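To start, the structure under review is shown below, and the notes come after it.
What follows is the structure, given as structure tokens:
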């Protein structure tokens with residue numbers, strides 16, 4: 002059994018704790034959060050121990066691996082302590098908001114031979130994973146373009162915006178990783194634009210955007226187009242299209258059911274989109290954790306790496322610079 006401690010008992014920590022508890026190859030030993038009132042109910046729900054000291058959890062001799070779901074500025078410190086003690090790590094993105102610190106952490110992990118997986122959960126969504134398999138099988142020929150639409154149902158709270166690192170590092174980074182993965186080549190040029198259309202006052206205050214578009218280009222000329230908005234009044238909008246030389250792959254939004262209603266007033270009416278990422282990517286979070294545990298259990302390479310985290314963050318930094326200057330930015 003892989004013995005795991007989950008660091009952080011907030012929204013994402015609860016998801017990870019449930020995923021660990023559901024895996025027959027793992028056991029949830031501890032849940033650590035500086036707020037005991039947050040850690041205790043999560044730990045109690047799965048027969049684990051609640052702790053308020055994350056470092057103490059990492060140092061426990063009965064812990065083989067840690068899952069980091071804490072604030073971003075704590076990621077590197079917890080990751081490096083775990084690596085020092087020879088423990089595997091599943092870390093939420095980003096590694097850090099600072100690209101130099103993230104790069105230094107990646108180099109340190111690689112030199113130490115540490116087992117670190119970056120939590121890009123969308124790669125583990127069953128349909129997106131099937132897209133990647135179809136590309137690998139040559140079903141659409143050579144990939145030419147990837148188009149990703151990713152829109153939230155509403156603005157996050159001001160406190161979240163303040164500490165998020167901005168839309169490119171917080172929201173777009175998921176889509177930048179997906180673009181890299183589906184293109185199969187590293188982008189070398191980034192062009193981005195950003196607007197403040199949902200809450201201009203808030204975003205001027207924090208020098209951020211709520212509506213952005215990014216275009217990526219690889220050395221061979223392959224392209225990816227990403228569009229994000231913090232508010233889509235119709236729900237959590239997640240769609241992907243991959244154009245190849247002999248065909249195309251598409252992923253439409255998921256809904257609670259596939260039922261359609263047609264009446265005198267409506268034609269092909271469907272249920273609303275799933276509410277937010279917790280519902281839309283529930284399966285992906287579980288599959289991500291299963292992949293992490295399988296890699297530890299079988300002593301296999303991690304399916305996503307700390308280097309993937311650095312490369313996605315670097316693209317986000319280029320997007321920030323492009324939106325600021327109005328120029329294309331070389332990676």
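Numbering (this note's numbering), first residue to last: 2 to 332.
By construction, the Cβ of each residue, glycine as well, lies at the ideal position given by its N, Cα and C atoms.
In this text the structure is predicted, and so the values were computed from the model without any measurement.
Which of helix, strand or coil DSSP assigns to residue i
i: residue 77; result: helix
i: residue 69; result: strand
i: residue 93; result: strand
i: residue 303; result: coil
i: residue 133; result: helix
i: residue 308; result: helix
i: residue 24; result: coil
i: residue 138; result: coil
i: residue 144; result: strand
i: residue 233; result: coil
i: residue 314; result: helix
Beta bridge counterpart(s) of residue i as assigned by DSSP
i: residue 238; result: 152
i: residue 5; result: 29, 66
i: residue 50; result: 31
i: residue 41; result: Paired residue(s): none; residue 41 is not in a bridge.
i: residue 196; result: 212
i: residue 325; result: Looking at the DSSP assignment, residue 325 forms no beta bridge with any residue, so it has no partner.
i: residue 218; result: 190, 224
i: residue 252; result: 241
i: residue 271; result: 261
i: residue 162; result: In the DSSP output, where bridge partners are listed per residue, residue 162 has none listed.
Cβ-Cβ distance between residue i and residue j below 7 Å
i: residue 71; j: residue 9; result: yes
i: residue 261; j: residue 269; result: yes
i: residue 152; j: residue 233; result: yes
i: residue 238; j: residue 150; result: yes
i: residue 147; j: residue 184; result: yes
i: residue 61; j: residue 28; result: no
i: residue 31; j: residue 6; result: yes
i: residue 290; j: residue 20; result: yes
i: residue 86; j: residue 68; result: no
i: residue 188; j: residue 330; result: no
i: residue 170; j: residue 244; result: no
i: residue 55; j: residue 33; result: yes
i: residue 174; j: residue 51; result: no
i: residue 113; j: residue 136; result: no
Inter-residue spacing [alpha-carbon to alpha-carbon] between residue i and residue j
i: residue 293; j: residue 265; result: 51 Å
i: residue 282; j: residue 123; result: 7 Å
i: residue 161; j: residue 93; result: 16 Å
i: residue 259; j: residue 82; result: 47 Å
i: residue 202; j: residue 44; result: 40 Å
i: residue 1; j: residue 99; result: Any answer about residue 1 is impossible in this case: the structure gives the chain only from 2 up to 332.
i: residue 168; j: residue 142; result: 33 Å
i: residue 320; j: residue 16; result: 30 Å
i: residue 49; j: residue 13; result: 17 Å
i: residue 88; j: residue 42; result: 26 Å
i: residue 338; j: residue 111; result: No answer is possible for residue 338: the residues shown for the chain start at 2 and end at 332.
i: residue 181; j: residue 106; result: 21 Å
i: residue 219; j: residue 58; result: 42 Å
i: residue 205; j: residue 178; result: 27 Å
i: residue 125; j: residue 200; result: 32 Å
i: residue 274; j: residue 235; result: 7 Å
key: the segment 104-123 in contact with the segment 306-322 per 3-pair CB rule at 8 Å   = yes
query = Would you say the segment 205-218 touches the segment 128-140, given that touching needs at least three Cβ pairs under 8 Å?
reply = no
request  = Could you tell me whether the segment 181-194 touches the segment 324-332, using the rule of 3 or more Cβ pairs below 8 Å?
outcome  = yes
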